[in-house]
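Asks: Chains as they are written, first to last, in our numbering: chain L, 56 to 348; chain Z, 6 to 166.
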Amino acid sequence: MKPAAFKYHRPARLTDALDMLASLPDAKLLAGGQSLGPMLNFRYLMPENLIDLNHVTELQGLSWLADDALRIGAMTRQFQLEKDEGLFTRIPIFREALRWVGHYATRNRGTIGGSLSHLDPAAELPGICALLDAELRVQSAGGRRTISIHDWTVGFMQPNIGEDELLTDIVVRPWTQPHGFSFVEMSRRHGDFAIAGVACLLAVDVQSQIEKVAVSVIGISNGATRLHQAEKALVGAVCTDDVIQAASEEIAQLEAPADAHHSGEFRKRTAKTLFCRAMQQAYQDAINRRSVQ
Amino acid sequence: MSELHAVGMTINGQSYRADIEARMTLADFVRHVCGLTGTHVGCEHGVCGACTLIADGRATRSCTMYAVQAHGSVLTTVEGLAQPDGTLHPVQQAFTDFNGLQCGFCTSGMQMTIAAYLEENPSPTEREIRELISGNICRCTGYQGIVRAALDAAQKLRESR
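(1) Got a sec: is the Cβ-Cβ distance from His50/Z to anything in chain L below 8 Å?
(2) Rounded C-beta distance between Ala27/Z and Lys62/L? I'm assuming under 8 Å.
(3) Can you pull out the residues from the stretch 62-90 of chain Z whose beta carbon lies closer than 8 Å to at least one beta carbon of chain L?
(4) Out of Phe34/Z, Leu156/Z, Glu131/Z, Thr92/Z, state which residue places its alpha-carbon closest to the alpha-carbon of Phe103/Z.
(5) Using the C-alpha atoms, what's the distance from Gly168/L back to Val46/Z?
(6) Within 10 Å of its beta-carbon, does Cys108/Z have 16 or more other beta-carbons around it, so buried, or fewer, so exposed?
(7) List the residues that DSSP assigns as beta-bridge partners of His64/L.
(8) Figure out for me which residue from His234/L, His316/L, Val272/L, Ala313/L has the closest Cα to the Cα of Val347/L.
(9) Judging by CA-CA distance, which residue of Thr231/L, Ile250/L, Ile216/L is the nearest neighbour of Val239/L?
(10) Check each residue of the stretch 88-109 of chain L: if its Cβ is closer than 9 Å to any Cβ of chain Z, include it; give the result in chain order.
(11) So does the stretch 116-129 of chain L actually touch the stretch 224-234 of chain L, counting three or more Cβ pairs closer than 8 Å?
(12) Taking CB distances under 8 Å as the criterion, tell me whether Gly105/Z reaches chain L.
(13) Can you tell me where the alpha helix (DSSP H) with Gln300/L in it begins and where it stops?
(14) Are the beta-carbon atoms belonging to Leu174/L and Met130/L less than 8 Å from one another?
(15) Who are the neighbours of Pro58/L on chain Z, taking C-beta pairs under 7 Å?
(16) Taking the beta carbon of Glu305/L as the centre, do at least 16 other beta carbons fall within 10 Å, making it buried, or is it exposed?
(17) For my contact list, Thr81/Z and Leu106/Z are in at a C-beta cut-off of 8 Å; report their separation, rounded to the angstrom.
(18) In the stretch 114-141 of chain Z, which residues sit with their C-beta less than 7 Å from some C-beta in chain L, listed in chain order?
(19) Across the stretch 243-262 of chain L and the stretch 314-328 of chain L, are there enough close Cβ pairs to call them in contact, namely three or more that are closer than 8 Å?
(20) Would you please verify whether the beta carbon of Phe61/L is less than 8 Å from any beta carbon of chain Z?
(21) Alpha carbon to alpha carbon, how far is Asp247/L from Gln264/L?
(22) What in chain Z is Cβ-close to Thr70/L, meaning under 9 Å?
(23) Where do the N-terminal and C-terminal ends of the beta strand (DSSP E) with Tyr21/Z fall, by residue?
(24) Determine the DSSP secondary structure at Gly182/L, reduced to helix, strand or coil.
(25) Go through its chain and collect everything with a Cβ distance to Ala178/L's Cβ below 6 Å, but skip five positions before and after it.
(26) Looking at C-beta atoms only, is the number of pairs between the stretch 188-207 of chain L and the stretch 297-313 of chain L that lie closer than 8 Å three or more?
(27) Evaluate contact between the stretch 17-25 of chain Z and the stretch 79-98 of chain Z, counting only Cβ atoms and requiring at least three cross-stretch pairs below 8 Å.
(28) Please list, in chain order, the residues of the stretch 238-252 of chain L that have any C-beta partner in chain Z closer than 8 Å.
(29) Any beta carbon from chain Z within less than 8 Å of His234/L's own beta carbon?
(30) Can you tell me which of the three DSSP states Cys255/L falls into?
(31) For Gly116/L, tell me which candidate among Arg68/L, Ala67/L, Thr166/L, Pro102/L has the shortest Cα-Cα distance.
(32) What are the start and end residues of the alpha helix (DSSP H) that includes Arg157/Z?
(33) Rounded to whole angstroms, what's the CA-CA distance from Gly54/Z to Glu266/L? Just pull it up for me.
Shown next, in the form of structure tokens:
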């Protein structure tokens with residue numbers, strides 16, 4: 056339970072971190088350390104070099120861009136997102152989802168960029184990023200590129216990022232029209248890895264028909280998955296139980312991994328139940344928000 | 006032995022310096038280098054919460070942070086929770102009053118978590134306390150006494166302000 060020896064590097068600037076990443080052999084990036092720390096302690100990983108990003112201030116914090124988009128630095132800690140009032144006002148589902156991310160003490164260290172790069176299939180923040188069509192900016196010593204969250208997952212805990220690349224920012228755009236939201240999750244105990252979870256944003260028109268909807272599911276497949284078929288079927292509909300049930304069938308087509316506790320089938324059934332709850336809650340929330348307008 | 010790093014930090018108002026390996030966890034530094042054994046080491050992989058201390062104002066698990074990372078930090082461990090004259094912190098007093106501990110292994114982590122949290126949320130609900138301590142595992146008292154202690158400490162702290 057003690058990590059193997061590693062060489063520790065503490066860059067203060069992004070360019071230094073990128074140069075280290077390009078030149079040091081067998082290097083790992085250390086963000087909040089709430090997943091990497093345990094993996095090092097267990098010696099699942101024994102990197103020769105560890106590059107600690109905790110002092111790269113360029114990677115920290117939130118800022119609203121001119122086009123109303125929000126830029127979140129990859130090293131912004133989960134508790135900072137949870138506490139940010141501007142973020143809560145514009146994208147309230149972030150705070151709701153963060154409540155489910157690990158525990159109080161782990162959110163004090165854990166970062167959004169670490170969560171997206173570690174890419175546990177049950178992680179909440181990738182689910183929220185998928186819901187908001189986030190753009191992820193990565194950089195290497197050689198240049199930078201932007202990747203859609205929908206192209207981010209290439210396999211089990213494998214993000215679409217090169218060995219010499221570093222995730223620097225996440226850009227999300229809040230919905231401009233009034234909308235309801237819901238985040239629901241099932242785990243054996245609060246703070247455990249989710250069996251499944253569903254996040255939903257939903258806007259209704261004056262006839263209470265669904266005008267726009269986004270739904271993502273976590274814990275199934277290799278991680279955050281948008282349910283595009285379900286969304287398409289729901290637009291224009293009044294949200295009855297039958298309509299929701301029919302839309303939830305998309306989950307049955309997904310691949311769900313089994314683990315020591317739960318079969319893939321159980322995960323999918325849980326996800327379908329959560330989908331129905333999330334839709335009902337978000338729909339009701341959307342109607343309430345429209346009526347107070 | 007691999008390369009050594011000179012680190013310095015302030016713990017409970019006292020300054021500590023040592024040359025250590027990068028792989029030494031903050032928990033091991035606090036216990037073995039500083040001799041502050043009130044911080045307990047349970048799972049060593051960020052699950053049990055026993056090693057929680059307060060680093061730069063925030064509750065932190067000292068097994069998933071390396072001591073070299075805490076260079077320049079200000080820490081509080083359970084030894085620094087009571088007043089210098091021995092008067093217990095309201096959280097500690099409440100644990101005594103409400104039987105919030107039995108064997109004591111999880112206690113320091115529980116108390117550091119709760120003490121840090123009450124600074125930012127002085128009026129928590131019972132549900133908030135239960136969610137808070139979901140990150141700390143107790144294997145003997147059951148959590149009822151701990152929840153009652155946390156709520157009582159919150160009230161005492163509010164009254165004292």
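Ideal placement from N, C-alpha and C gives every residue a C-beta, glycine not left out.
Replies: In short, the structure shows the following:
(1) Residue 50/Z sits at position 45 when you count from the first residue of the second sequence. Chain L, which has a Cβ nearer than 8 Å to the Cβ of His50/Z, makes this yes.
(2) Residue 27/Z sits at position 22 when you count from the first residue of the second sequence. Residue 62/L sits at position 7 when you count from the first residue of the first sequence. With 8 Å as the limit, Ala27/Z and Lys62/L qualify as a contact, their Cβ atoms being about 7 Å apart.
(3) Arg63, Ala64, Thr65, Arg66, Cys68, Thr69, Met70, Tyr71, Val73, Gln74
(4) For the purposes of this step, residue 103/Z is identified with residue 98 of the second sequence, where counting begins at 1. Nearest option by C-alpha distance: Leu156/Z.
(5) By one-based count along the second sequence, residue 46/Z stands at place 41. By one-based count along the first sequence, residue 168/L stands at place 113. Their backbone Cα atoms lie some 28 Å apart in a straight line.
(6) Against the second sequence, residue 108/Z aligns to sequence position 103. The residue in question, Cys108/Z, is exposed, as its Cβ has fewer than 16 Cβ neighbours within 10 Å.
(7) Position 9 of the first sequence, counted from the start, is the residue given in the question as residue 64/L. Note: His64/L sits in a beta bridge opposite Ile106/L.
(8) Counting from one through the first sequence, the residue named residue 347/L turns up at place 292. For the residues His234/L, His316/L, Val272/L, Ala313/L, the minimum Cα distance to Val347/L belongs to His234/L.
(9) Stepping through the first sequence from its first residue, residue 239/L is reached at position 184. The shortest C-alpha separation from Val239/L is found at Ile250/L.
(10) Gly88, Gln89, Ser90, Leu91, Gly92, Pro93, Met94, Leu95, Asn96, Phe97, Leu105, Asp107, Asn109
(11) yes
(12) Position 100 of the second sequence holds residue 105/Z. With 8 Å as the cut-off, Gly105/Z does not count as an interface residue toward chain L.
(13) Residue numbering aside, residue 300/L sits at position 245 when the first sequence is read from its first letter. Counting along the chain, the alpha helix (DSSP H) containing Gln300/L begins and ends at 296-303.
(14) Start at 1 with the first residue of the first sequence, and residue 174/L comes out as number 119. Start at 1 with the first residue of the first sequence, and residue 130/L comes out as number 75. No, the pair does not count as a contact, with Cβ atoms beyond the cut-off.
(15) Taking the first sequence and counting its residues from 1, one reaches residue 58/L at position 3. Result: Arg28.
(16) Mapped onto the first sequence, residue 305/L falls at position 250. So Glu305/L counts as buried.
(17) Looking up residue 81/Z in the second sequence gives position 76. Looking up residue 106/Z in the second sequence gives position 101. The pair is not a contact, with the Cβ atoms about 19 Å apart (cut-off 8 Å).
(18) Thr118, Tyr122, Glu136, Leu137, Ser139, Gly140
(19) yes
(20) Position 6 of the first sequence, counted from the start, is the residue given in the question as residue 61/L. Taking Cβ atoms only, chain Z reaches closer than 8 Å to Phe61/L, which makes this a yes.
(21) Locating residue 247/L in the first sequence gives position 192, where the first residue counts as 1. Locating residue 264/L in the first sequence gives position 209, where the first residue counts as 1. For Asp247/L and Gln264/L, the distance between alpha carbons rounds to 36 Å.
(22) Here residue 70/L is taken as the residue at index 15 of the first sequence, counted from 1. By Cβ distance, chain Z contributes nothing, its closest Cβ being about 21 Å from Thr70/L, past 9 Å.
(23) To locate residue 21/Z, count along the second sequence from 1; it is residue 16. It spans 19-26 - the beta strand (DSSP E) in which Tyr21/Z sits, taken as one unbroken run.
(24) Against the first sequence, residue 182/L aligns to sequence position 127. Gly182/L falls in the helix class under three-state DSSP.
(25) On the first sequence, residue 178/L is found 123 positions in, with the first residue counted as 1. The residues are Ser170.
(26) no
(27) yes
(28) Arg244, His245, Gly246
(29) The sequence position of residue 234/L within the first sequence is 179, counting from 1. Judged by the 8 Å Cβ criterion, His234/L is not in contact with chain Z.
(30) Translated into positions along the first sequence, residue 255/L becomes position 200. The answer is strand: DSSP assigns Cys255/L an E or B state.
(31) As a first step, residue 116/L is located in the first sequence; it is residue number 61 there, counting from the start. Answer by Cα proximity: Thr166/L.
(32) Numbered from 1 along the second sequence, position 152 holds the residue referred to as residue 157/Z. According to the sequence shown, residue 157/Z is Asp rather than Arg. That run of the alpha helix (DSSP H) goes 149-165.
(33) In the second sequence, the residue the question calls residue 54/Z occupies position 49. In the first sequence, the residue the question calls residue 266/L occupies position 211. Taking the straight line from one Cα to the other gives about 45 Å.
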